[in-house]
Amino acid sequence: MAYVLRRLGFYLLAAWASLTLNFVIPRLAPGDPASAMFARFEGRVQPEAMVALRAAFGFTEAPWYVQYATYLKHLLRGDLGLSYAYYPAPVSEVIGTGLLWTLGLAGCAVIISFTVGSMLGVLAAWNRGGWLDATVAPALAFLGAFPYFWLAMLALYLFGFGLGWFPLRHAYSHDLEPALSLTFAADVARHAFLPAASIVAATLGGWMLSMRNTMVATLGTDTLRLAHAKGLPPRQVMLRYAARNALLPNVTGFGMALGFVLSGSLLTEIVFSYPGTGYLLILAVRNQDYPLMQGLFLTITFAVLAANFAVDLLCLWLDPRTRAHA
Numbered sequence: 025m026a027y028v029l030r031r032l033g034f035y036l037l038a039a040w041a042s043l044t045l046n047f048v049i050p051r052l053a054p055g056d057p058a059s060a061m062f063a064r065f066e067g068r069v070q071p072e073a074m075v076a077l078r079a080a081f082g083f084t085e086a087p088w089y090v091q092y093a094t095y096l097k098h099l100l101r102g103d104l105g106l107s108y109a110y111y112p113a114p115v116s117e118v119i120g121t122g123l124l125w126t127l128g129l130a131g132c133a134v135i136i137s138f139t140v141g142s143m144l145g146v147l148a149a150w151n152r153g154g155w156l157d158a159t160v161a162p163a164l165a166f167l168g169a170f171p172y173f174w175l176a177m178l179a180l181y182l183f184g185f186g187l188g189w190f191p192l193r194h195a196y197s198h199d200l201e202p203a204l205s206l207t208f209a210a211d212v213a214r215h216a217f218l219p220a221a222s223i224v225a226a227t228l229g230g231w232m233l234s235m236r237n238t239m240v241a242t243l244g245t246d247t248l249r250l251a252h253a254k255g256l257p258p259r260q261v262m263l264r265y266a267a268r269n270a271l272l273p274n275v276t277g278f279g280m281a282l283g284f285v286l287s288g289s290l291l292t293e294i295v296f297s298y299p300g301t302g303y304l305l306i307l308a309v310r311n312q313d314y315p316l317m318q319g320l321f322l323t324i325t326f327a328v329l330a331a332n333f334a335v336d337l338l339c340l341w342l343d344p345r346t347r348a349h350a
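Counting from 25, one number per residue, gives the positions in the sequence shown under the working numbering.
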C-alpha cells in the first residue's frame, strides 16, 4: 500500500504540473482566441463583443491567480471552455465525439497487435529455428520498418482506389445516420478496417520481437530448468512460467501505447480523414483553436499518466520482486 500511495502521489503531482503548464503556456503566447476570432470576422463583430469573447475563453483582466483559481474550478466541473473552430460547441463535447472514434479504432488495433504479437513471440521463442521464428519474425520486422502512414497510404491506394473493397474516408457512410443497428455497426467496421489494419501491420513485428527476445532469455533460467525437471507439461511451462516472466517488458510498453492511444494515430487518421482525436488536433492547430488544443493536450496527458499508474499496479501484481522491494 505504501508503494501504491507513493506512485499515486507522484502521478498526482505530475497531473498538477500538466494542469498548470496547460494554463500558463497559452497566456504567454502572443494574442488569444478571442482576438483570432475577431480578426476572422473582418470587422463584422462589434468591438464590445471582444470583452465577452475573452471572458468566454477565460482571458480576463483579473490577476493570474484569480484566473488560475477560476480555471481549476471549471476543470473540476468538466468545463474545458468553448471551441473556437466549432463555436459555440463546448470543448468537452467536441473531444468526447472524437474520443469514441479513436478508442474504437486505435484502441482495438493496439490490443489486437499486442495480443497477437506477444503470442507469436512466445511461440517463436519456444520453437526456436522453426518456420515461425525463421520466416514470420523477419517478415514482420521488415514490415514494421516502414512508417505506418506509408502503409496506410499504400493500403488506401491498393484496396480503396484500386480494388474498391473498402471506403476511402470517414468513419461511416454519409447516407447513414448513427444508430444502434447491425447495418451501422457493419458500415463502421468496414470503414475502420483499413486504418486499423495499417496500425496492426506496422506494430505487430515490434511486439513479436520484443516478446521473443525476452522469452529466449527467460528459457535459460533456473526456474525453467526446475519446472522441466519436475515433469510439468510443456504447455504449462511455456505459458505459466516462461511467458508470464517474459511478459513484463511488453506489459510496460503496452501501457504506454494505451496511454498514447488517445492522441490518436495522427497521420493514419489524416490519411483516411477519420474523425478521431488526432484528426481533431490537426484541425485545432490549423484553426488556432487554443481551447480545443488545451483540452486535447490535457486529455492525452491524463491518459498517459493513468496508463502508467495502471502498469505500475499490474507489474506489482505480476512480479513478486516488485512487491518484495516496495
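Glycine included, C-beta positions come from ideal geometry on N, C-alpha and C.
Query raised in the report: Sorted by chain position, which residues of the same chain lie with C-beta nearer than 7 Å to Phe183's C-beta, five sequence neighbours on each side aside?
Result: The answer, listed in chain order, is Trp189, Phe190 and Leu218.
**Report entry** Local conformation of Pro162 per DSSP, three classes
**Finding:** Residue state for Pro162 is assigned as helix, using DSSP reduced to three classes.
Query raised in the report: Measuring CB to CB, does Leu192 end up less than 8 Å from Leu180?
Result: Yes.
Query raised in the report: How about Ala149 and Arg236: are their beta carbons less than 8 Å apart?
Result: The beta carbons of Ala149 and Arg236 sit closer together than 8 Å.
Query raised in the report: Of the residues Met25, Leu45 and Leu329, which one's Cα is nearest the Cα of Met280?
Result: Ranking Met25, Leu45 and Leu329 by Cα distance to Met280 puts Leu329 first.
**Report entry** CB contact flag (Tyr92, Phe47, <8 Å)
**Finding:** Their beta carbons are under 8 Å apart, which means Tyr92 touches Phe47 by this criterion.
Query raised in the report: Can you tell which of Gly122, Tyr108, Leu147 and Leu37 has its C-alpha closest to the C-alpha of Ala270?
Result: Nearest to Ala270 by C-alpha distance, out of Gly122, Tyr108, Leu147 and Leu37, is Leu147.
Query raised in the report: Can you check whether the CB of Ser142 is closer than 8 Å to the CB of Trp231?
Result: Judged by their CB atoms, Trp231 and Ser142 are nearer to each other than the 8 Å cut-off.
Query raised in the report: Helix, strand or coil for Leu307 per DSSP?
Result: Note: Leu307 maps to helix in three-state DSSP.
Query raised in the report: Taking DSSP as the reference, what is the three-state secondary structure of Leu200?
Result: The three-state reading of DSSP puts Leu200 in coil, since its state is none of H, G, I, E or B.
Query raised in the report: What's the call for Ala213, buried or exposed, on a 16-neighbour Cβ count within 10 Å?
Result: Counting Cβ neighbours within 10 Å, Ala213 comes out exposed, since fewer than 16 surround it.
**Report entry** Local conformation of Leu106 per DSSP, three classes
**Finding:** In the three-state DSSP reduction, Leu106 falls in the strand class (E or B).
Requested in this report: Using only alpha-carbon positions, find the residue among Leu100, Gly102, Arg101 and Gly122 that is nearest to Tyr361.
Outcome: Limits of the chain in this structure are 25 at one end and 350 at the other, which puts residue 361 out of reach.
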